[in-house]
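These notes concern the structure reproduced below.
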Amino acid sequence: MEIAVAVVSLIFLALVVLGAIATVKAARAVRGGVQRTTTEVRRTIDTTALRARSAQFGPVGELARARLELRSSIDSTRRELTAARSGDTSLAEAATLLDRLHEHALGLDREMGALMDREPDRARIAARLPELRSRAQEIRESADSLRFAAQDRARRHQGEELGTLRDQIAIESGALRHWDPPQQPLAEPAPHPLPPSDPPQSPPRPGLRKTSESGDG
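No gaps in the numbering here: position 128 of the sequence shown is 128 in full-length UniProt numbering, and each next residue is one more.
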């Protein structure tokens with residue numbers, strides 16, 4: 001009886017522990033989903049505000065356009081690598097490099113945002129603008145290089161797969177037509193037999209000729 005009670009207690013304790021673990025995981029998943037949703041909403045609002053400010057003339061408008069171009073380049077490369085990695089695991093290193101590049105892009109974006117929002121001196125913004133735009137261009141060029149390379153790799157991979165598939169289909173098509181008799185070359189007509197020729201006559205032997213002559217005499 002005591003053993004049965006102990007077993008039931010252990011089972012109940014295990015169920016409680018498993019339930020607690022599941023609850024914690026669910027809470028973390030919900031919290032992570034809420035955080036991602038909040039981040040996406042904030043980013044959407046920020047991007048909308050940037051588009052509005054990019055229509056302005058002057059250094060503030062140029063900074064807004066530089067930030068939009070930088071974000072667009074990073075996001076486009078991220079989408080390209082994510083789509084390509086599903087069938088090509090060798091792009092993992094490229095994704096890691098993009099993560100590091102993204103950190104630099106975020107730092108530069110925050111720097112330009114602070115200059116736009118908290119710097120009232122437009123002359124100072126204009127003085128900083130060439131250096132900031134140059135850094136943004138370097139990051140964009142690196143991101144574009146990764147994106148273009150991933151696109152070229154995917155296009156080449158698809159071409160190779162298509163070539164292999166066509167060869168396999170050609171072999172299978174030939175196998176499906178196995179009932180067709182092989183094409184034999186037309187046989188040449190047999191030559192007509194030549195008429196038999198008379199056997200060659202051998203010349204008379206000298207001994208026989210002498211014998212016949214002596215008999216006549």
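Ideal Cβ positions, reconstructed from N, Cα and C, are used throughout, including at glycine.
Coil, strand or helix - residue i by DSSP
i	result
GLU119	coil
HIS104	helix
SER72	helix
ASP46	helix
ILE11	helix
GLY19	helix
GLY58	coil
ILE3	helix
SER86	coil
ARG177	coil
LEU208	Because LEU208 carries a pLDDT of 48, less than 50, the predicted location of this residue cannot be relied on, and the following value inherits that uncertainty. Looking at LEU208 - three-state DSSP - the assignment turns out to be helix.
Identity of the residue in the options nearest residue i by Cα
i	options	result
LEU106	LEU81, VAL17, LEU70, LEU10	LEU70
GLN137	GLN158, LEU162, ILE74, GLN168	ILE74
LEU91	ALA22, PRO120, HIS178, ALA149	ALA149
ASP152	ALA114, ASP117, ALA84	ALA84
GLY61	ASP46, MET116, HIS102	MET116
ALA126	LEU63, GLU93, SER9, ILE45	LEU63
GLU131	GLU111, SER145, PRO120, ARG78	GLU111
ARG124	LEU176, ARG51, VAL41, GLY58	GLY58
ILE104	ARG79, PRO120, GLU80, ARG140	Reading off the sequence, residue 104 comes out as His, not Ile. The shortest Cα separation from HIS104 among ARG79, PRO120, GLU80, ARG140 belongs to ARG140.
Integer-rounded CB distance, given that residue j should sit under 8 Å from residue i
i	j	result
ARG53	ASP109	Not quite, the Cβ-Cβ distance comes to about 14 Å (not below 8 Å), so this is no contact.
ALA143	LEU98	7 Å
THR77	ARG156	About 18 Å separates the two Cβ atoms, so there is no contact after all.
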